[in-house]
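I have placed the structure first, in the form of structure tokens, so that the comments after it can refer back to it.
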Amino acid sequence: MHKIDRKEKPIFQKYSEESVKTALKIDFKKKCYLCEEVTRHFEVEHFYPQKDFPHLQNDYENLFYSCQKCNKIKPKTINTSSEDEVLNSCDIAVENLISLKYNSKKCHVEILATSQKPDQKTINTVKLLKRIYNGENSKSSSCEDLKDDIGEKVENFYKVIDEYHRTKLKRVALKKIKEELEIDKSYSTFKLWIIRNDKKLKEVIA
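Set out below in structure tokens:
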């Protein structure tokens, strides 16, 4: 998850209208706000469930771009009370509160809160992401395909980094790295944390 900057202000009466879908595609860069997969097949998700918060049913600020898999696997109790509330990526830079790392040997996503004393929202978000990426406390097997895709994208990113370290054309190679870190790329938070854990690259890109 990473910070989403909403800029669109669609005019609509019902959240199912095309103007809403078009706006969400633009604001969320066609990326699921949870797993970060770039997908055209998405659902309009209510961050705060419309069943529990009917007054937010058609509030654009409460509408999110979610892939079908994440919308299905996310527990229905999420954001129904303060105890089950997760971080809102439109309000806060989640990528600074939660680190994501793909472990290729174990084919496992490591998800950690960056603070030693995370608040309840962060704890709940980590738990939700573990369910999505690793299938924890879920009967769904959709995470397997997701991890395969993440593994492929991460491996390709390491190749770009390796090229930077080997080539004399640093400027060109650095441009490729920065392009991969753009918000419109799949799994950009994974790539961001690879850079943050690389002291040399961290200084160059910062």
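Everything in the sequence shown is counted per the numbering used here, starting at 6 for the first residue and increasing by one. We put the beta carbon where it would ideally sit given N, CA and C, even for glycine.
Using 10 angstroms around the beta-carbon of residue i, count the other beta-carbons present and answer buried if the total reaches 16, otherwise exposed.
i, result
"threonine 194", "buried"
"alanine 28", "buried"
"leucine 174", "exposed"
"serine 21", "exposed"
If you follow the beta strand (DSSP E) that residue i is part of, which residue opens it and which one closes it?
i, result
"asparagine 108", "103-108"
"serine 71", "68-72"
"isoleucine 116", "113-118"
"valine 49", "47-51"
Grab the span of the alpha helix (DSSP H) containing residue i for me, first residue to last.
i, result
"glutamate 149", "147-171"
"valine 209", "204-210"
"valine 91", "Careful: valine 91 lies outside any alpha helix (DSSP H) and carries neither H nor E."
"glutamate 185", "175-185"
"valine 25", "23-32"
"valine 131", "125-139"
"phenylalanine 195", "193-201"
Am I right that residue i and residue j are in contact with their C-beta atoms under 8 Å? What's the rounded C-beta distance?
i, j, result
"tyrosine 169", "isoleucine 182", "6 Å"
"leucine 186", "valine 209", "With 8 Å as the limit, leucine 186 and valine 209 do not qualify as a contact, their Cβ atoms being about 12 Å apart."
"cysteine 112", "glycine 140", "About 11 Å separates the two Cβ atoms, so there is no contact after all."
"leucine 105", "valine 114", "6 Å"
"cysteine 4", "arginine 11", "Lying outside 6 to 211, the shown extent of the chain, residue 4 is not represented and no answer is given."
Taking 8 Å as the limit between beta carbons, can you name the residues of its chain near residue i, skipping five residues before and five after?
i, result
"isoleucine 128", "Ala118"
"valine 159", "Tyr107, Ser109, Tyr192, Phe195, Lys196, Ile199"
"tyrosine 70", "Leu29, Lys30, Asp32, Phe33, Lys35, Lys36, Cys37, Tyr38, Phe47, Val49, Glu50"
"serine 87", "Gln125"
"glutamine 18", "Asn63"
Closer than 7 Å by C-beta to residue i: which residues in its own chain qualify, once you throw out the five before and the five after it? Chain order, please.
i, result
"cysteine 75", "Cys37, Leu39, Cys40, Ile137"
"threonine 85", "Pro54, Asp57"
"asparagine 67", "His51, Phe52, Tyr53, Leu61"
Which residues in the same chain as residue i place their Cβ atom closer than 6 Å to its Cβ, once the five residues preceding and following it in sequence are excluded?
i, result
"serine 145", "Ile78"
"leucine 134", "Ile116"
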